[in-house]
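Every number in the working numbering is 12 more than the matching position in the sequence shown, counting from 1.
One structure below.
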Amino acid sequence: MSALHWQKSTFSGEANGCVYLAAADDGSIKIQESDEPDVIVTTTPEKLRAFILGVKAGEFDHFAADPGPGIDA
Numbered sequence: 013m014s015a016l017h018w019q020k021s022t023f024s025g026e027a028n029g030c031v032y033l034a035a036a037d038d039g040s041i042k043i044q045e046s047d048e049p050d051v052i053v054t055t056t057p058e059k060l061r062a063f064i065l066g067v068k069a070g071e072f073d074h075f076a077a078d079p080g081p082g083i084d085a
């Protein structure tokens, strides 16, 4: 397997907490978080597309909601 070329969103900061994506030679999509680089999730382009469409439609907004003062997210 050739080296993966990880890409992160320009909306991500420079510290931990970034999500990276890479396309593998076998056609799968790899997902990795900067704070746990040894953990890699594998999915298909079709499943990633469905997820991104859901994100764009606001289906997951409640996961990113501010929990309120004094509560760590």
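Even glycine gets a Cβ: it sits at the ideal position worked out from N, Cα and C.
This structure is a prediction, so every number in the text was calculated from the model and none was measured.
In this structure Q19 is exposed. Its beta-carbon is surrounded by fewer than 16 other beta-carbon atoms within 10 angstroms. Annotated three-state conformation of P49 is strand, per DSSP. DSSP lists no beta-bridge partner residue for I64.
Going by beta carbons, L16 and A27 fall outside the 8 angstroms limit.
Between T54 and the set G66, P79, Y32, F72, the nearest pair of CA atoms involves Y32. L60 places its beta carbon less than 8 angstroms from that of I41.
The secondary-structure analysis by DSSP pairs A35 across a beta bridge with I41.
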